[in-house]
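Every number in the numbering used here is 993 more than the matching position in the sequence shown, counting from 1.
A virtual CB, placed ideally from N, CA and C, is assigned to each residue, including glycine.
Keep in mind the model is a prediction, meaning the values are calculated, not measured.
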Amino acid sequence: MLPRYENRAQLALGLVVGLLLLANLFTLALVALAPSERTAQAPVLFTVFIVTAVVSLPSIILLPRWLLRPYRQLVNEAERVPVKNNSGGKRRDEAEFVLETFQSVVAQMQAQQRELEALGLQARVRADSAEQFSERIIASVPSGLLAFDARGRATIANAPARALLEINGEPNEQTAQTLLSKIPALLEMIDNCLSTGALYRREVIAAATADNRVRRLGVTIAPIESDSEGNSRGALCLLTDITEVMQLREQVALKRSLESLGEMSAGLAHEFKNALATLHGYAQLLLKLESNEGAHSAATALLHEVRNLTEMVTSFLNFARPQQLDFADVSLAELVNECALELEPFFREHRAQFKTEGQFGTVRADERMLRQALLNLLRNAAEAIDDSEGDRSVKVRGKLERTSAKDEWIVIEIEDSGSGISEEDAGRIFIPFYTTKAKGHGVGLALAHRVITEHGGTLTATNAQPNGGALFIAKLPA
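Printed below as a string of structure tokens:
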């Protein structure tokens, strides 16, 4: 392989020296090959030889310096490299020194490369370990955990969050608008947090489920790593199902208010009932004594109203008076069928079809009180169907629900095909004497609610979707 010249002057000088040397060789060759003519040409040849030698001598002296200049620079650079001397005190030439230096530098670079690779591997292992640890923490959080980036794309959704929001599979960077389209209240809070950095603590929202139930969620939303300008880089959302807690809280509050109402009004109701008995007696006496047709009609109307008031007071006393429950094993399937048979004329009068589906288990309950509660709920369902409704039906569904490893519930759902429950009535339908019907005293649902709660269960009311009829859900311990 020919040497590579980086400097053109070195190349030109080398060519000149080479040509001069060739000229000297040529002159000597002529002298050697033509001895007979040596005398005649001697002055000329001698002159050429002298001139060539004079011109070539500086070039010969300078040429090694020019040619060895890069090599000297390499030696100087090698001397400045802090490498270990492995010569053992022996004298080395420059070529050996440069070679050893080069080998030492290469060895150091290889060692550093191996060290960098080891550090990189350790960093990757630590990163993987930290990521796995974070994933385990997220998976072990009992509440729902959602995280969104600044663009509103979901980056984290643990299993409880997917269950609460009924998300199938991983979110795969779906937007909040896609994931939360059915929960506008939660979507609005997420958008506000991303755009303004707003913080939400212990908010309560309602979310409809696929099986037409309303779930109440406790929500806490916080911005992630706001920048210097106050813009959020993401949002973290914590979700907790507080449906049962809210129901129990409402039931406890209602039970306390009803207990207070019962204690205060029980004595008054007894006195009122005594007065009604007196009015009833006088009304009957007037019917016997009065022969006047107008007076007789008035006495008849008075007697009818007295009987209605007596029934209402009796119902109220039955509601307010503490009941002693007689627990026994009760087959809910048989009890529902017996209630349907008892109410068959009532359903026929209201042109309503009675349907049952699902499985009903056995519970420990007071059969008489539980029967009364179911009768009240079924009557209410039939009465809630307007005359204009085409589909006139009352459906009773039974199922077993497990909320934890130890808690099992038998759920009875009673759904009608009426117009449903208005928002205004939803919070008051279990209050005694509150009714939206032209007939009735507003005690049936309150009594049913009290019976279910005294059995350790819950009774809630909502609207069935998509039909819109009322849906009463009774849960009893299995």
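- Nearest Cα to Leu1158 within the set Ala1199, Arg1194, Gln1317: Ala1199.
- In this structure, Ser1136 lies away from Pro1164, with their beta-carbon atoms at least 8 Å apart.
- Boundaries of the beta strand (DSSP E) harbouring Gln1346: 1346 to 1351, taken from the DSSP string.
- The stretch 1129 to 1178 is shown to contain whole alpha helix (DSSP H) runs of 4 or more residues at 1152 to 1158, 1169 to 1172, in chain order.
- Among the bridge pairs identified by DSSP, Glu1394 is matched with Trp1402.
- Secondary structure note for Phe1340: its alpha helix (DSSP H) is the uninterrupted segment 1337 to 1342.
- For Arg1209, the enclosing beta strand (DSSP E) has its first and last residue at 1207 to 1216.
- In the displayed model, Ala1203 falls within coil according to three-state DSSP, outside both helix and strand.
- Residue range 1463 to 1470 is occupied by the beta strand (DSSP E) that includes Ile1466, with no alpha helix (DSSP H) assigned at that position.
- Taking the CA atoms as reference points, Ala1203 sits about 31 Å from Tyr1427.
- By DSSP's assignment, Cys1230 forms a beta bridge with Leu1139, Ile1214.
- Distance from the CA of Ala1463 to the CA of Phe1339, rounded to the nearest whole angstrom, comes to 19 Å.
- The stretch 1318 to 1326 and the stretch 1286 to 1294 do not touch, with fewer than 3 CB-CB distances between them shorter than 8 Å.
- Of all alpha-carbon atoms in Gly1449, Glu1350, Leu1279, Leu1180, the one lying nearest the alpha-carbon of Asp1400 is that of Gly1449.
- By the neighbour-count criterion, in which 16 or more other beta carbons inside 10 Å mark a residue as buried, Ser1174 falls on the exposed side.
- For Glu1166, the closest C-alpha among the options Ala1294, Ala1467, Leu1139 is that of Leu1139.
- Secondary structure note for Arg1372: its alpha helix (DSSP H) is the uninterrupted segment 1360 to 1376.
- According to the DSSP assignment, Val1444 belongs to the alpha helix (DSSP H) that extends over 1437 to 1447.
- DSSP, read as helix, strand or coil, puts Ile1422 in coil.
- Rounded to the nearest angstrom, the gap between the Cα atoms of Arg1209 and Thr1451 is 15 Å.
- Taking the C-beta atoms as reference points, Leu1371 is found no nearer than 8 Å to Val1356.
- In this structure the stretch 1332 to 1349 touches the stretch 1372 to 1381; the number of beta carbon pairs closer than 8 Å is three or more.
- Residue state for Ile1235 is assigned as coil, using DSSP reduced to three classes.
- Pairing Asp1380 with Ile1403, the inter-Cα distance amounts to about 33 Å.
- By the CB criterion at 8 Å, Ala1366 and Val1436 fall outside the cutoff.
- Of the other Cβ atoms in all chains shown, fewer than 16 fall within 10 Å of the Cβ of Glu1110; this residue is therefore exposed.
- Around the beta carbon of Thr1396, fewer than 16 other beta carbons lie within 10 angstroms, which makes this residue exposed.
- In this model, Ile1176 and Arg1194 are separated by some 18 Å (Cα to Cα).
- As the crow flies, the alpha-carbon of Ala1215 is around 42 Å from that of Ser1410.
- Judged by their CB atoms, Ala1276 and Leu1296 are nearer to each other than the 8 Å cut-off.
- Taking a contact as a CB-CB distance under 8 Å, the pair Phe1141 and Leu1180 does not count as one, their CB atoms being some 11 Å apart.
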